[in-house]
Every structure is written in structure tokens, then in C-alpha cells.
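Colleague: Listed in order, the protein sequences are those of chains G and P. 1 is the number of the first residue of the first sequence in UniProt numbering; add one for each residue after it. 1 is the number of the first residue of the second sequence in UniProt numbering; add one for each residue after it. No residue lacks a Cβ here, since even glycine has one placed at the ideal position from N, Cα and C. Let me give you the structure first, and then I'll get to my questions.
Protein chains: 2
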Amino acid sequence: MSRKHVIAVGQLGPIMLAESKAEAVDRMIAMLREAHAQGAVWIVFPELALTTFFPRYIYETPEEYDRFFEEGLPSPAMRPLFAEAARLGVGFYLGYAEKVAEGGRMRRFNTSILVDRDGTVAGKYRKVHLPGTSEPVLKADFEHLEKRYFEVGDLGFNTFDTSIGRIGMCICNDRRWPETFRVMALQGAEMFMLGYNTPTRNIHHPEPAHLREFHHRLSIEAAAYQNGAWVFASAKCGAEDGFAMIGGSAIVAPTGESVARTAGEADEVICHNCDLGLGDYIRRTVFDFGRHRRIEHYGLITATTGVIEREAAK
Amino acid sequence: MSRKHVIAVGQLGPIMLAESKAEAVDRMIAMLREAHAQGAVWIVFPELALTTFFPRYIYETPEEYDRFFEEGLPSPAMRPLFAEAARLGVGFYLGYAEKVAEGGRMRRFNTSILVDRDGTVAGKYRKVHLPGTSEPVLKADFEHLEKRYFEVGDLGFNTFDTSIGRIGMCICNDRRWPETFRVMALQGAEMFMLGYNTPTRNIHHPEPAHLREFHHRLSIEAAAYQNGAWVFASAKCGAEDGFAMIGGSAIVAPTGESVARTAGEADEVICHNCDLGLGDYIRRTVFDFGRHRRIEHYGLITATTGVIEREAAK
């Protein structure tokens with residue numbers, strides 16, 4: 001079996017608050033077809049790809065924000081995308097707001113799925129590292145209220161065997177945490193797929209705007225190299241009703257090199273013919289985990305959440 | 001107390017096999033004085049800074065390789081460096097090959113120390129992530145036999161309180177592993193100091209030479225950003241008896257930006273007036289560990305050394 005596949009990232013430009021899910025899905029179907037025409041067998045769409053990035057707004061009750069959520073898989077809004085992808089034989093990663101009755105109550109997660117080339121759902125992930133706050137900070141003209149609208153993901157970081165290889169998933173802020181990728185690499189991930197919505201402005205502290213894209217790139221390139229795996233990162237970007245988000249969607253080789261990048265902040269497809277064997281030498285040499293990792297010295301990573309309070313060693 | 005200090009990196013050009021430790025120490029003393037003249041209160045020297053990078057050679061018995069090792073602290077060879085540093089009031093990080101009688105046997109480690117501005121030893125670290133092999137691979141005209149000459153470090157990753165702040169130490173290959181820095185950041189490290197000897201050629205797999213410096217830079221920039229701490233990385237570089245090593249010594253701010261870099265592959269001092277408070281906002285917001293880390297999902301990091309053998313999740 002060939003280990004080379006053309007894989008695409010389908011970056012979305014802004015989705016306005018007034019825009020319908022059907023319009024967003026139409027735009028994704030257009031990118032799906034463009035990717036297919038370039039030979040792609042898989043396409044990665046952004047986080048919360050069906051609507052505007054609604055956690056920037058303050059809502060009080062589910063009645064106000066439930067319209068951003070999806071129920072069922074595929075949800076009614078997703079159906080045309082599922083159908084066209086299966087018809088073309090293109091798999092995809094999709095981020096969406098998930099609403100589900102579990103354990104006798106209604107739960108909400110920031111979720112992503114992998115849909116294989118035959119249209120079957122190959123995996124689901126619920127975002128673990130929710131950024132921002134649950135209460136408004138009122139420091140800017142927008143908020144980052146993911147902790148208000150979503151529960152912390154309860155499925156952990158898994159890998160999923162698909163027709164193109166073993167894929168690990170994460171979402172947005174997860175990519176800043178090396179733990180995210182290491183847990184999936186320890187399960188043999190060959191590819192990491194992720195979507196994101198990253199404001200160009202840090203509302204928690206003033207910092208140069210260029211750092212926002214730099215930190216994104218630094219994190220995904222380090223994740224690729226330090227785990228010898230491909231990274232596919234898809235932004236929703238541009239200004240949604242005046243609120244700007246970074247682009248910089250990218251395909252990163254297991255060497256840590258970005259081999260394809262979007263050029264703008266609108267809908268844009270990038271593709272690369274990815275040799276999934278490229279990371280083998282990295283995982284066999286410098287990052288041969290079994291030979292080189294020293295877990296006896298890593299204990300604090302899982303033993304403590306925050307910085308421990310004690311005198312430094314002498 | 002001011003949180004701003006001028007801190008230096010003292011990169012060493014090649015040390016030939018025939019060069020004496022006294023010559024190497026003289027070169028470091030010259031850089032120490034240069035750093036002091038620029039206002040530096042601390043200087044970071046490379047890994048195994050007193051001799052050539054001897055693990056590239058094949059030796060059979062301790063009689064052949066013991067001349068590269070130091071006994072006692074300061075060892076006789078180090079004494080002039082300790083004396084001049086204390087006289088000038090400049091602290092330093094120094095890497096060396098340590099030979100020590102412990103537990104009734106002779107042990108050897110790839111070690112680094114922190115010596116505070118008053119000349120007292122503030123901390124010791126023994127390299128955990130030893131790269132390379134214990135037996136020659138014979139694929140090139142040089143070897144990488146750290147596993148032959150050194151035991152795996154037994155002190156773990158600690159932080160040390162010094163007159164300039166809380167410092168974490170590591171050595172060379174440790175910097176490629178995000179676990180290294182996370183364990184120290186969880187102990188409140190504000191600065192990471194490290195030395196390295198990195199061949200420009202990967203003898204385990206052919207890869208483009210430029211990747212060697214890129215991977216170095218990527219790893220230290222990611223470590224700085226993802227832990228909101230300064231990184232001081234000091235190379236021994238240039239061609240030692242024909243065996244070339246990368247330079248690229250750098251000072252990296254907690255934003256992940258390299259704020260000072262060496263330009264060549266010879267002895268070279270770089271300084272930066274470092275605001276140790278710069279990382280505070282990062283550790284208070286995006287990387288507020290206590291608020292955002294999810295250790296319940298990190299279990300594999302400390303539970304398994306190598307990739308687990310199992311079916312991927314469905």
C-alpha cells in the first residue's frame with residue numbers, strides 16, 4: 001500500500017453571525033471539490049466550522065446559544081457535506097459545537113470528528129484544553145467564553161485508524177500543549193489534525209500582534225518534529241463582524257517544516273502530497289521513545305496540575 | 001529587587017583533541033571578562049566545555065578516556081575559572097564530564113553545574129536524555145557514544161534558587177524533549193540554561209544539514225514559549241579536528257523569540273538585558289498551569305516509555 005496521500009487543509013474565511021449553517025456548508029463543499037480536483041483524499045476543516053466563533057459573545061441561557069450547536073451525527077446541517085464527501089471519496093476532519101443527551105442531562109462540547117472516505121465516522125474528539133473564562137472579563141469588545149459554553153472534553157486524546165493511516169485529533173488551544181501531541185504519539189499517531197479560531201488580539205494581556213501567528217506556528221512545528229508526525233492545521237480566520245482572527249493554516253512535515261501555508265484570510269485550499277513514511281526515521285532515531293524516554297524523571301507532569309509550592313532544590 | 005539582569009551566553013568554538021583543559025579554561029575566562037565588561041551577572045558555557053567532544057571517538061577502557069573527566073568540585077582544571085568568576089561576581093553554568101566514587105563504585109556522568117556569583121555551587125544536573133549508542137554504529141567517520149561513556153543521570157530535572165532567580169538546567173539532547181522543560185516549569189523555573197555539542201551531520205539517517213540548526217532553534221523557542229521562561233543555550237561548535245558541529249547559541253525570551261544569537265562558529269559572547277518578569281503574563285494567562293492543565297488526560301506520558309501496542313480507538 002502506498003504511504004503517499006494528497007491531503008488538504010480547507011481554511012475558512014469569516015462566517016458572520018447572520019450567516020446560515022447552510023451557507024458555511026456550501027463553502028466547505030466548494031473547497032472539498034477543489035481539494036478532490038487536486039487529488040486530495042482527505043480535507044481538514046476548522047474548529048466550530050459551521051458558525052461564527054460564538055464564544056466571543058455573552059449569552060445567558062441555552063435558548064440564546066443552542067442555535068450554534070449540532071445534534072446527531074450527521075446533524076441536519078452537516079448532511080450535504082457528508083453526502084458530497086462520500087460521493088467523492090474524500091475523508092474529512094470537521095469541528096462543531098456538539099449538544100448531546102448523556103447520563104440523563106444535556107451536555108455541550110467543542111467537538112471534532114473524522115469521517116472516513118466511505119462516509120463512516122471514524123472518530124470523535126471533545127476539546128480538553130478550553131481557553132478563556134466562564135465569566136466575561138469585560139476588558140475588550142469581545143470575550144473568550146469557551147469555559148462558559150462547553151464542558152471539558154471527556155474522551156481524552158486518542159488515535160483513530162482510517163483508510164489513510166492513524167490519525168490523532170485535537171482542537172485550537174490544545175496545540176499549544178506538548179502533552180496533547182505526546183499522548184497521541186504514544187499511541188502511534190502518524191498525523192495530527194486540528195482546527196482553530198485564534199483572535200489576533202490577546203484580550204488577557206497586551207502583546208504584539210505578530211506573536212499570535214508565531215506562537216501558533218511554533219507550537220505546530222514543534223509538535224510535528226518532536227513526535228515525527230504530520231500536522232494539518234486549519235483556521236477559521238479573517239474578521240467575523242469586525243473581530244479579527246489569524247490565518248496561517250498549514251501543513252507541517254514530520255521534520256517540523258511547514259510545507260504548505262495559506263496566503264490569505266479567506267476560504268482557501270492548500271494541498272500537499274504527504275509521504276507518511278517521512279517521519280519513520282525520526283521515530284526510529286532521535287525520537288525512538290522506547291529507547292530514549294526516561295519516564296522515571298517525568299513524574300511531575302502527571303502528578304501535579306499547577307506549579308508546586310516548595311523550595312527549589314539545592 | 002530589580003527583575004532585570006544582563007545574562008550572557010559564552011559559545012565556544014572548537015576544542016581540538018590535542019588542546020589542554022587549561023587552554024579551554026583560558027578561553028572561557030576571556031569570555032567571562034568580556035561578559036562582565038558588558039554588565040553581565042551570569043554566563044552560560046557549553047556542554048563538556050573543557051575538552052573536545054570525545055564521545056565521537058571509540059575508546060575501550062577508562063584508562064583511555066578518563067583524561068576527559070573531572071574529579072572534585074571545582075576540579076583542578078576548573079579552579080582558575082571559579083576564582084575569576086567569584087572575583088568578578090559573575091555566576092555561571094558549566095558542562096563537564098564528571099567522575100565520582102559513589103556507592104562503592106566509580107560512576108561517570110555528563111554533568112552541568114550552576115555556580116552563583118559568590119562562587120558557591122548552587123546546583124548540579126546529570127544528563128538524563130543521553131543520545132546515540134553504547135556500541136559504535138560504524139556508519140560514518142565519527143560516532144556518538146554518550147551511552148557508552150556516561151550513565152543516565154540520576155538527579156532528575158530540578159530548579160535551583162540563585163541570586164538572580166530560579167534556574168532549571170538541562171544538557172544538549174534534553175532540549176528536544178518537552179518533558180524536560182515542563183518538569184522544571186512545574187517547579188517554577190524562570191530560566192532554563194543548557195549547553196550542547198550537536199554535530200552538523202546526522203549519522204543515524206541522512207537529512208538536510210539545515211534541519212540540525214532548525215530543530216535546535218525550534219525546540220528551544222517552543223520550550224521558552226510553552227513554559228513562559230527564558231532559555232540560554234550555549235554551543236560548542238565549529239570543526240573539532242574536522243568534525244563539524246552547529247553553532248546557533250541563543251538567548252530566547254519567554255515569548256519564544258530569539259532575542260540574541262551568535263553569528264559564527266568561534267568563541268563568541270552574546271548578552272541580553274533580560275526582564276525576568278516578561279514571562280509572568282504568559283504563566284498567568286495562556287499557560288496558567290493550575291487553571292488549564294488536564295493531567296487526567298496526560299496519563300500515558302508517565303505510564304509508558306515507548307509507543308503502546310494496541311488497536312487505535314474507534
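In the DSSP assignment, find the unbroken alpha helix (DSSP H) run with N173/G in it and report its ends.
Modeller: Unbroken run through N173/G: none, as it is neither H nor E.
Colleague: Any idea what DSSP makes of K314/P, helix, strand or coil?
Modeller: Because the pLDDT at K314/P is just 49, under 50, the model does not fix this residue reliably, and the value given afterwards should be weighed accordingly. K314/P falls in the coil class under three-state DSSP.
Colleague: Rounded to whole angstroms, how far is the Cβ of A189/G from the Cβ of T159/G, which I believe are closer than 8 Å?
Modeller: With 8 Å as the limit, A189/G and T159/G qualify as a contact, their Cβ atoms being about 5 Å apart.
Colleague: In chain order, which beta strand (DSSP E) runs of at least 3 residues are fully inside the stretch 153-237 of chain G?
Modeller: DSSP runs (the beta strand (DSSP E)) wholly in the stretch 153-237 of chain G: 159-162, 165-171, 191-196, 230-235.
Colleague: Is there a C-beta anywhere in chain P that falls below 8 Å from the one on V128/G?
Modeller: Closer than 8 Å to some Cβ of chain P, the Cβ of V128/G qualifies, so yes.
Colleague: Which residue's Cα is closest to the Cα of R126/G: H205/G, D174/G, R182/G, A83/G?
Modeller: Among H205/G, D174/G, R182/G, A83/G, the Cα nearest to that of R126/G belongs to D174/G.
Colleague: Under a three-way DSSP split, which group does L114/G fall into?
Modeller: Residue state, collapsed to three classes: strand.
Colleague: Quick check on this structure: which residue in L138/P, N110/P, G91/P, E143/P has the alpha carbon closest to the alpha carbon of D154/P?
Modeller: If we check each option's Cα against that of D154/P, N110/P comes out closest.
Colleague: Pair every Cβ in the stretch 291-298 of chain G with every Cβ in the stretch 191-211 of chain G, then say whether three or more of these pairs are closer than 8 Å.
Modeller: No, the stretch 291-298 of chain G does not touch the stretch 191-211 of chain G.
Colleague: Rounded to whole angstroms, what's the CA-CA distance from R212/G to R79/P? Just pull it up for me.
Modeller: Approximately 46 Å, taken between the alpha carbons.
Colleague: Just the chain P side, please: which residues come within less than 7 Å of H204/G by C-beta, in chain order?
Modeller: Those are T285, listed as they occur along chain P.
Colleague: Using CA atoms only, rank isn't needed, just tell me which of S134/G, Y281/G, F157/G, L12/G is closest to R56/G.
Modeller: If we check each option's Cα against that of R56/G, S134/G comes out closest.
Colleague: Distance, Cα to Cα, R117/G vs G165/G?
Modeller: Taking the straight line from one Cα to the other gives about 12 Å.
Colleague: Is there a Cβ from chain P that is less than 8 Å from the Cβ of Q226/G?
Modeller: Q226/G counts as touching chain P.
Colleague: Using 8 Å as the limit for Cβ to Cβ distance, is K314/P near chain G?
Modeller: Low confidence applies to K314/P: its pLDDT is 49, below 50, so where it sits in the model is not reliable, and the reading given next is rough at best. Yes, K314/P counts as interfacial toward chain G.
Colleague: Relative to the C-alpha of G306/G, which candidate in R182/P, G89/P, M28/P has its C-alpha closest?
Modeller: It is R182/P.
Colleague: Would you call H205/G buried or exposed, if buried means 16 or more other Cβ atoms sit within 10 Å of its Cβ?
Modeller: It is exposed - the Cβ of H205/G has fewer than 16 other Cβ atoms within 10 Å.
Colleague: Which value, in whole angstroms, describes the spacing of the CA atoms of A101/G and T51/G?
Modeller: If I take the Cα positions, the gap works out to 21 Å.
Colleague: Under the rule that 16 or more other beta-carbon atoms within 10 Å means buried, what is V252/P, buried or exposed?
Modeller: Flag for V252/P reads buried.
Colleague: I'd like to know if the stretch 4-19 of chain P and the stretch 286-296 of chain G are in contact, where contact means that at least 3 CB-CB pairs between them fall below 8 Å.
Modeller: No: the two stretches stay apart, fewer than three of their Cβ pairs being nearer than 8 Å.
Colleague: Taking the straight line between their C-alpha atoms, what separation do you get for T262/G and A8/G?
Modeller: Approximately 11 Å between the Cα atoms of the pair.
Colleague: Where does Y93/G fall in DSSP's three states?
Modeller: Y93/G falls in the strand class under three-state DSSP.
Colleague: Considering only their Cβ atoms, is the gap separating P178/P from M245/P smaller than 8 Å?
Modeller: No, these two residues do not count as a Cβ contact at 8 Å.
Colleague: Just grab the DSSP bridge partners of E240/G for me.
Modeller: Bridge partners of E240/G: F243/G.
Colleague: So, does the stretch 27-43 of chain P touch the stretch 222-231 of chain P, judging by three or more C-beta pairs under 8 Å?
Modeller: At 8 Å Cβ cutoff, the stretches do not touch.
Colleague: Any residues in the stretch 253-264 of chain G with a beta carbon nearer than 8 Å to a beta carbon of chain P? Which ones, in chain order?
Modeller: Cβ contacts with chain P: T255, G256, E257.
Colleague: Taking 8 Å as the CB-CB limit, is A222/G close to chain P?
Modeller: A222/G counts as touching chain P.
Colleague: Which runs of the alpha helix (DSSP H) fall wholly inside the stretch 48-82 of chain G and span at least 4 residues, in chain order?
Modeller: For the stretch 48-82 of chain G, whole alpha helix (DSSP H) runs of length 4 or above, ordered along the chain, are 62-65.
Colleague: Put F150/G into one of helix, strand or coil per three-state DSSP.
Modeller: Looking at F150/G - three-state DSSP - the assignment turns out to be coil, as it is neither helix nor strand.
Colleague: Tell me whether A260/G sits in a helix, a strand or coil according to DSSP, three-state version.
Modeller: Note: A260/G maps to strand in three-state DSSP.
Colleague: Taking a contact to mean a Cβ-Cβ separation below 8 Å, would you say M169/G touches F232/G in this structure?
Modeller: For M169/G and F232/G, no; Cβs fall outside 8 Å.
Colleague: Roughly how many angstroms separate the alpha carbons of G279/G and A185/G, rounded to a whole number?
Modeller: For G279/G and A185/G, the distance between alpha carbons rounds to 11 Å.
Colleague: Just verifying my parser: in three-state terms, what is the DSSP assignment at A85/G?
Modeller: The answer is helix: DSSP assigns A85/G an H, G or I state.
Colleague: With a threshold of 7 Å on Cβ separation, who are the neighbours of K314/G within its own chain once the five nearest residues in sequence on each side are excluded?
Modeller: With a pLDDT of 49 at K314/G, under the threshold of 50, the modelled position of that residue is not reliable, and the figure given next carries that caveat. Result list for K314/G: empty, nothing under 7 Å.
Colleague: Please report the straight-line C-alpha distance between L218/G and A222/P, rounded to a whole angstrom.
Modeller: Distance between the alpha carbons of L218/G and A222/P is about 6 Å.
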